[in-house]
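In order, the protein sequences belong to chains A and B. If you read the first sequence in the numbering used here, its first letter stands for residue 609, the second for the next number, and so on. If you read the second sequence in the numbering used here, its first letter stands for residue 609, the second for the next number, and so on. What follows is one structure encoded as C-alpha cells, with my remarks underneath.
There are 2 protein chains.
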Amino acid sequence: MPPYHHGDLRRAVLAAAVDAITEHGPAGVSLRDLARRVGVSHAGPVHHFKDKAGLLTALAAEGFALLADALNATREQTNSFVELGVAYVRFAVRHRAHFEVMFRPDLHHTDDPALTEARERAGAALAGGVEALGEQRTGDRRTAGVAAWSIVHGFATLWNTGNLAPGDDPEELAHRVAAMLFGDDQPVLRASPELQQT
Amino acid sequence: MPPYHHGDLRRAVLAAAVDAITEHGPAGVSLRDLARRVGVSHAGPVHHFKDKAGLLTALAAEGFALLADALNATREQTNSFVELGVAYVRFAVRHRAHFEVMFRPDLHHTDDPALTEARERAGAALAGGVEALGEQRTGDRRTAGVAAWSIVHGFATLWNTGNLAPGDDPEELAHRVAAMLFGDDQPVLRASPELQQT
DNA sequence: CCTGCAATCTTGTCGGTGACAAGTCAGGGG
DNA sequence: CCCCTGACTTGTCACCGACAAGATTGCAGG
C-alpha cells in the first residue's frame, strides 16, 4: 500500500490537472478526479490548495512563470519582435492547459500574490520586447504595446479554440501574421485610400 | 399562482443565463439556478435545451447572430475596416456574456447546425470587411484576414479578462490600436531596421 | 362538444462534486 | 520520550446535471 504521506502531492496534483485539462478542457476537471488519479483520498488536495479556485490559481501562476521564462529566453536570442510574438503563440499551443486557465479570472483567486507577481513578470517580458519596436515612431508606446499583445493573444486564442484552419502549422502561420504587421521585409497591411474614412 | 405553461420559457431562460453569466462568469451558472430565477421547476429548461451544453450552444449561436448583425450594420455605414474592428470590440464588451460563451468549444455541442450557421455568417461578415483592405497589396488575403481577426479578438479578450488598463474607454482605445495598424492617416507600427532580423 | 394526443412542465431520484469538520498518522524539536 | 504540527483520511451536507415517470394544458380532428 502507498505511504500515508505522498511526498510531493502538490506537484503531482498540478501535473494531473494539466493532463485532465488537456483532455477535457478546464470545465471538465474535478478535485476528486485528480485525487483519484494521484491515488489519494478525495480531500487530499484541499490541504495544498484550499480550494478548486486555489488549484487553478496555482496553475495559472505556474503558467505565467513559464511564459515569462519562454519570452525572456527568446528575447536574449533574437531581439526580433516577430520572434517574440511567435514565442507567445508557441507557448499557448504547447502549454495549452496552462494557457486556457491563465486568462480566466472567474476561475481564480484574483488577489493571490504569487499569481499577480508571475503575471507582472510575463507582462514585463512582453513590454520589454515592445521597446525594441519603432523608436523612430511616436504613435504612443502604450498603444503599441496593447496592439502587440492583442495580436499574439488573439491569434493564440483563436487557434486554441479551433477557429483557424486546423491544417496549418500554427507557428508558421503566426510568423507570417506577425511579419505582415511588424516585419520589415514584408509589405504592411493597409487600407486602400478610397475606402478609408477615419 | 403562475400558469402551468410559462409561455416563452426558452427566451426567459436564455435571458436569465445572460444575467447569470454577466454576474458570475460562465462557470458559475447552473440550470437549476436559472430555473429558479425564471420561476419554474428544476427540470423545466431541460425540455428546451436538452442539456446544459445545449443551453450554452443556443446562447453562443444567438451571440454569433448578434455579432453578424452588428458587423453587417457598420459595414453598410462606413466601409472603414477600422470601424469594423471597433464594432467587433464593442460587441464583445457590450454583450460580454454571449462573447464569453461563443469561443468555448468545450462548453458546446460543436456539431449543432444553428451554431455553425450563425458562426459562418459572422465569419463572412468579418471576411467581407477584410476585402475592403489593401487591394493594391498581395500579402495574401488569408493571412490578412487572420491578422485582422486576431487583433480585434485579442483586444476584446484581453479587455474582458481585465488585462488592459481599466480606466480607459475600450472603444476609444480599440480605435487607436486599429488605426495604428490598419489606418491611413496614422503612422504604421514597424520594427526599427537595426533590430529586425526576420 | 369532446376526445385523444403531443408539447410543456413537475416530481422524484441517482451518482458525482465542492466544501467543511473531525479524526488519524508521521516525524522532528523539546 | 512526548507532543505538536503538518499531511492525509473519513464522513457528511447541500448542490448540481441527467434521467424517468407523471401531471397539466392546449389543440386538432371527429
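Built from N, CA and C at the ideal position, the CB exists for glycine as well. Just so we're clear, the structure is a prediction, and the values are computed from it rather than from any experiment.
The shortest CA-to-CA distance from B/Leu-692 to any of B/Glu-728, B/Ala-756, B/Glu-631 is the one to B/Ala-756.
Within 8 Å of the CB of B/Asp-714, the CB atoms of chain A belong to His-632, Gly-633, Pro-634, Ala-635, Gly-636, in sequence order along the chain. The three-state secondary structure of A/His-716, taken from DSSP, is coil.
The beta carbon of B/Val-754 falls within 9 Å of a beta carbon belonging to chain A, placing the residue at that interface. Per DSSP, reduced to three states, the secondary structure at B/Asp-776 is coil, with no helix or strand assignment.
Using a C-beta cut-off of 8 Å, the stretch 697-704 of chain A makes no contact with the stretch 640-652 of chain A, since fewer than three inter-stretch Cβ pairs fall below that distance. Of A/Asp-627, A/Glu-779, A/Val-654, A/Glu-631, the smallest CA-CA separation from A/Arg-618 is found for A/Val-654. Contact note: A/His-761 reaches chain B through Gly-762, Thr-765, Leu-766, using a C-beta cutoff of 7 Å and chain order.
Only residues of its own chain outside the window of five on either side were considered, and among them Phe-672, Leu-675, Ala-676 have a CB closer than 6 Å to the CB of A/Ala-730, listed in chain order.
Scanning its chain for C-beta atoms nearer than 7 Å, with the 5 sequence neighbours on each side dropped, one finds around A/Thr-682 the residues Glu-691, Leu-692, Ala-695, in chain order.
Put simply, the backbone Cα of A/Leu-781 is about 43 Å away from that of A/His-650.
Close to chain A, meaning a Cβ-Cβ distance shorter than 9 Å, is no residue of the stretch 665-680 of chain B at all. Contacts with chain B at 9 Å (Cβ-Cβ) include A/Thr-751.
With a cutoff of 9 Å on beta-carbon distance, A/Gly-762 and B/Val-760 are scored as near each other. Boundaries of the alpha helix (DSSP H) around A/Gly-671: 660-685.
Inclusion of A/Ala-623 and A/Val-637 in the CB contact set at 9 Å is not warranted, their separation being larger than that value.
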